[in-house]
Each structure stands twice: as structure tokens, then as C-alpha cells.
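Following the working numbering, the numbering of the sequence shown begins with 46 at its first residue and continues without gaps. As C-alpha cells, the structure follows; a few thoughts come after it.
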Amino acid sequence: MTQFGRVSLGIGLIGVSAAVLAEDPIRVHKVNQDYLYADVSAGSFDADNGAEGNVTSVMVGYSGLFAEHWLVVADYEARFIRPDETTTEIYSFRPGVGYKWDLNDDWLIYSRARAGYLRTVTTEDDTDQQLSDSSDLIYGIDLGLSYSPIDKLELTALGELSRSDALDEESVKLRADYYVTRRFALGGFYSYRDAGEYTSNEGGISMRYAY
Numbered sequence: 046m047t048q049f050g051r052v053s054l055g056i057g058l059i060g061v062s063a064a065v066l067a068e069d070p071i072r073v074h075k076v077n078q079d080y081l082y083a084d085v086s087a088g089s090f091d092a093d094n095g096a097e098g099n100v101t102s103v104m105v106g107y108s109g110l111f112a113e114h115w116l117v118v119a120d121y122e123a124r125f126i127r128p129d130e131t132t133t134e135i136y137s138f139r140p141g142v143g144y145k146w147d148l149n150d151d152w153l154i155y156s157r158a159r160a161g162y163l164r165t166v167t168t169e170d171d172t173d174q175q176l177s178d179s180s181d182l183i184y185g186i187d188l189g190l191s192y193s194p195i196d197k198l199e200l201t202a203l204g205e206l207s208r209s210d211a212l213d214e215e216s217v218k219l220r221a222d223y224y225v226t227r228r229f230a231l232g233g234f235y236s237y238r239d240a241g242e243y244t245s246n247e248g249g250i251s252m253r254y255a256y
């Protein structure tokens, strides 16, 4: 191939690449529903019996649009509650489906139903003795409202109900996510959880990868 041919081929490849990028389906100006995410949070714990402590949580998950309005979702969470003398570890895996309503390009309402596995382990801090270990079915439903006021920024308010033999919980979460690149977002959130016998207030950070 001549030098002119190589240059022409290079220009052609650059042009094709630019056209593909221009048609990238990632919608930085709309609420995105196709992403992988990781959330890390920490906060305070208050029990009805007067016990206080701290709580930390790590969650990873997936959200994908498989039809015009239907979602496939899944999440795994490891949660650690530490009152004065014990530590309770709560692990859950919850796959599910969801449905979204596009109000316009900037506003979105969605709901997701999930069911899966819950394990709860409680140990005594001083002796590391295991006090309880149980496994249960967990199921729940949430309702969220998302808004994109400017390009790349998403604001979300989310309420959720979760039920199991070991844990009945209602929670509210407020979050903001900003796409620092076309596919990668950083965010922050606040969540309040009420499990009947205790409540928690948590703040956290989030990472998302849109695909």
C-alpha cells in the first residue's frame, strides 16, 4: 500500500470512529437506566432499647433495560450493625424486575420488585462467640423519581419496603449522581432506614458505569 493509501485509510478509520462515537447511545442529558454500580455508606444506629452504635454498608448492583419500559435488576449488600457489645452482619442478594415511566426527557418514575436470599449473623464482640445465624427469603418493592436538571446530573428520591422473617424494613434514599465522563459517574446519597426495633441514618458515596 502506498503512503497516500495509508493516509487515506487512516483518515477513513478516524471518520468511521467519529461517526460511531457521535451515535453513542449513552444519554448524558437523560436519566440512564443501564449501569453497574457500587455504593459505600456509614452512619449512626439507634435502637428502641436505648442502644447506640454505628452501621456500615457496601452494595454492588446492576440495572438494565431489556424492553422499552422493562428493567432487569440485581443487588448484593453486606451490612454491619455495631451496637455496644455485639456485631450483626446482614448479607442479601436480590434479583428482580422493574418498570419505568418516562414523563419526558428529564423526568422518570420507576418501580422495582425483588426477591432473594438474606443471611443474618450476630456475634459477641469481646469473645467472638456466634450468638445467632439465620437464613431467610427476603422480598420487597421500591418506587423512585429521578430528574436530570442539567446535562450529566441525575437527582433521585427513592422509597423502599423490604420484608422477611428476620427483617422488616422501610427506607428512604436521596441521591445525586454526576457523569464525569460519558460512562462513569460519581455520586453521593443520604438514606434513612426504619427496621422497627432500630433506625439508622447514613451518608455514602457511589460509583456508576453506564454501558
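The C-beta atom is built at its ideal place from N, Cα and C for all residues, glycine as well.
* **Pair within 7 angstroms by beta-carbon distance, Asp79 and Met104** => Against the sequence shown, residue 79 aligns to sequence position 34. Against the sequence shown, residue 104 aligns to sequence position 59. Asp79 is not a Cβ neighbour of Met104, given a cutoff of 7 angstroms.
* Asked: Is Ala240 helix, strand or coil when you go by DSSP?
  -> Taking the sequence shown and counting its residues from 1, the one referred to as residue 240 is at position 195. In the structure shown, Ala240 sits in coil (DSSP, three-state: anything other than H, G, I, E or B).
* **Backbone CA spacing between Ser209 and Leu200 [nearest angstrom]** => If you number the sequence shown from 1, residue 209 lands on position 164. If you number the sequence shown from 1, residue 200 lands on position 155. For Ser209 and Leu200, the distance between alpha carbons rounds to 30 angstroms.
* Asked: Under a Cβ-count criterion, where at least 16 other Cβ atoms within 10 Å of its own Cβ denotes burial, should Leu182 be classed as buried or exposed?
  -> Translated into the one-based positions of the sequence shown, residue 182 becomes position 137. Counting C-beta atoms within 10 angstroms of its own C-beta, Leu182 has fewer than 16 neighbours from the protein chains shown and is therefore classed as exposed.
* Which residues in the same chain as Thr226 place their Cβ atom closer than 6 angstroms to its Cβ, once the five residues preceding and following it in sequence are excluded? -> Here residue 226 is taken as the residue at index 181 of the sequence shown, counted from 1. Taking C-beta separations shorter than 6 angstroms and ignoring five residues to either side along the sequence, Thr226 has no partners in its chain.
* Return the CA-CA distance between Asn246 and Gly98, expressed in angstroms with no decimal places. => On the sequence shown, residue 246 is found 201 positions in, with the first residue counted as 1. On the sequence shown, residue 98 is found 53 positions in, with the first residue counted as 1. The C-alpha of Asn246 lies about 11 angstroms from the C-alpha of Gly98.
* Asked: What are the boundary residues of the beta strand (DSSP E) that Thr167 is part of?
  -> Taking the first residue of the sequence shown as position 1, residue 167 is located at position 122. Run containing Thr167: 152-169, per the beta strand (DSSP E) assignment.
* **the segment 123-137 / the segment 165-172 touching (three or more Cβ pairs under 8 angstroms)** => Verdict: yes, contact present.
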